[in-house]
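**Student:** For reference, each letter of the sequence shown is one residue, going 0 to 124 in numbering that gives the first Met the number 0.
Glycine residues also receive a C-beta, built at the ideal position from the N, C-alpha and C atoms.
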Amino acid sequence: MKDIVQTADAPAAIGPYSQAVTFGNLVVTSGQIPLTAQGELVTGGIAEQTEQVIQNLRAVLAAAGTDLDRVVKTTVFLADMNEFTAMNAVYEQHFTAPYPARSTVQVARLPRDVRVEIEVLAERH
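#1: What span of residues does the alpha helix (DSSP H) with L60 cover, start to end?
#2: Which same chain residues, not among the five before or five after P99, have their C-beta less than 7 Å away from its C-beta?
#3: Cα separation between V41 and T35?
#4: What does the alpha-carbon distance come out to for the pair A107 and A85?
#5: Check whether the Cβ atoms of I3 and V52 sit closer than 8 Å, and answer yes or no.
#6: T95 and V59: beta carbons closer than 8 Å?
#7: Go to T84, then tell me how far its beta strand (DSSP E) extends in each direction, as first and last residue.
#8: Excluding the five sequence neighbours on either side, which residues of its own chain have a C-beta within less than 7 Å of the C-beta of E82, listed in chain order?
#9: For the beta strand (DSSP E) holding I3, just list the boundary residues, first then last.
#10: Who are the near neighbours of M80 in its chain, counting only those whose CB is closer than 6 Å to its CB and skipping five residues on each side?
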């Protein structure tokens, strides 16, 4: 059975989607962008934006009954692949070995013209 995950500790969906969906022990998040829980865009560069995105993912995963340690796959969308190293420096502060599988792609544009968006697939406890 599919259940919807909703938390006030992460930004509300800005379209017709859920913050995350659970299906059995599986948690699938929607892409998180660098908005605060109040919906304010985080200023700064890729490092600050990546940090906010990961904090949003933490909040959504917590609401689903899991955490970053249970993430099995991430997809990172970057506005500029030249920012990969700076994004990765923040990313590796939050994910530990054994690392989840990951895809990273450069896209033409992201919502609100942000620098980064990340979605994850995780297992619930």
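**Tutor:** From the atom records:
#1: I45 to A62
#2: V70, V71, K72 and T73.
#3: Whole-angstrom Cα-Cα distance: 7 Å.
#4: Looking at the two C-alpha atoms, the distance is approximately 19 Å.
#5: At the C-beta level, I3 and V52 stay beyond 8 Å of one another.
#6: T95 is not a Cβ neighbour of V59, given a cutoff of 8 Å.
#7: Element bounds for T84: not the beta strand (DSSP E) but the alpha helix (DSSP H), F83 to H93.
#8: I45 and R114
#9: K1 to V4
#10: Q105
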